[in-house]
Each structure stands twice: as structure tokens, then as C-alpha cells.
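Chemist: One structure, as C-alpha cells, below. Some questions next.
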């Protein structure tokens, strides 16, 4: 195997390890975000958003390194950068390196799929929170019956004419 290709593959393996670690951290952050939203822990949410911002910069650096390695691998292999992927790389490697790259690929793929799924679920939770907040604000600040809510049997349970808080002493 060409020494330059071997060095690039080793550099790619380091980047893939960083990707795996970063995706694992982001999965943990998604769990923390949902927990903080449900518990309404504003201080933790603020801290979490700062941490996510810092990690987005780390992700950007990893992505730039991965793109650079991908571009250089594509040049060596004589294919377009957009065509260069781990499967194509594996086809052109010796068995030992092929197995190592394939293992990283099989480790990273389910993590990325899980991250995408968790992202969708977290987005759904946040949209539902926004919908409920909007509905409550309409119910509090408007006199219309447009903010009727329903119980589990489908009966209207919102009574706009009743007090929200009982102030009797």
C-alpha cells in the first residue's frame, strides 16, 4: 500500500474516532436538553446552550479535518470528492486496513442514526412545549372560546369565565 494513502487512512481513523466521541457527547446533550425542558431548569438550560455552542465549534473543526482528508483521499484514488466515501475507500484498501475502517464505519453509522432520531424527538418535544405555551397564553390573555382544551374523553374542560388562581384567604 502506498505510504501516503496509509498515512491518510490513519489520519481519517483519528478523525472518525473524534466523530464517534462527538456524536456520543451530543446524544448525552440531547438527553440533558429534554430533561432540562421537562423540569423547566432555566439555569441548566442556559449552561447547556453555552456548552452546545462550544461543542459546535469542535464539530466544525472535526468536519473541516474530515473534508480535508476526504479531498486528499479522492485525489490519490482519482475520483471526485463527492464520490469519496468510506465504502469506496474500503474497496481499495488492504484487508487489515479495510477491516479497521469498516469497523469505524459500523460503529459510527448507528450512532449517527440515533442522533438523527433523538434530534427529531427533541424537536417534537420543543414544538409541543411551544404549542402548549401559546395555547395557555391565548387562554389567559383573550376572552374568546378559541382556546378550549379537552380532557381525555374529548369533553371541553376549559372555562374561560373562571379564575386561574384562587386568591381567597
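Residue numbers (this note's numbering): 4 to 172. Idealized CB from N, CA, C, for every residue including glycine.
CA-CA distance, residue 41 and residue 78?
Modeler: Cα-Cα distance, rounded: 49 Å.
Chemist: Helix, strand or coil, according to DSSP, for residue 88 in the structure here?
Modeler: In the structure shown, residue 88 sits in coil (DSSP, three-state: anything other than H, G, I, E or B).
Chemist: Counting pairs of beta carbons, one from the region 4-18 and one from the region 100-109, are three or more of them closer than 8 Å?
Modeler: Because the criterion of three Cβ pairs below 8 Å is met, the region 4-18 and the region 100-109 touch.
Chemist: Count the C-beta pairs between the region 103-113 and the region 47-55 that are closer than 8 Å, then say yes if the count reaches three, no if not.
Modeler: Judged by Cβ distances under 8 Å, the region 103-113 makes no contact with the region 47-55, as fewer than three pairs qualify.
Chemist: According to DSSP, simplified to helix, strand and coil, what is residue 93?
Modeler: Helix.
Chemist: Sorted by chain position, which residues of the same chain lie with C-beta nearer than 8 Å to residue 16's C-beta, five sequence neighbours on each side aside?
Modeler: Result list for residue 16: 103, 104, 107, in chain order.
Chemist: In chain order, what residues of the same chain lie with their CB nearer than 8 Å to the CB of residue 25, ignoring the 5 residues before and after it?
Modeler: Here the set comprises 58, 61, 62, 65.
Chemist: By Cβ distance below 7 Å, which residues in the same chain neighbour residue 128 in space, the five residues on each side in sequence not counted?
Modeler: Here the set comprises 37, 40.
Chemist: Pick helix, strand or coil for residue 125, following the three-state DSSP scheme.
Modeler: Three-state result, residue 125: helix.
Chemist: Closer than 6 Å by C-beta to residue 50: which residues in its own chain qualify, once you throw out the five before and the five after it? Chain order, please.
Modeler: Closer than 6 Å at the Cβ level, and outside the excluded window around residue 50, lies no residue.
Chemist: Sorted by chain position, which residues of the same chain lie with C-beta nearer than 7 Å to residue 84's C-beta, five sequence neighbours on each side aside?
Modeler: Closer than 7 Å at Cβ, skipping near neighbours: 73, 74, 77.
Chemist: Quick one: what does DSSP say residue 49 is sitting in, helix, strand or coil?
Modeler: Residue 49: helix per DSSP, three-state reduction.
Chemist: Would you mind giving the Cβ-Cβ distance between residue 29 and residue 125, rounded to the nearest angstrom? I have them listed as a contact below 8 Å.
Modeler: So it is not a contact: roughly 11 Å between Cβ atoms.
Chemist: So for residue 43, helix, strand or coil by DSSP?
Modeler: Looking at residue 43 - three-state DSSP - the assignment turns out to be coil, as it is neither helix nor strand.
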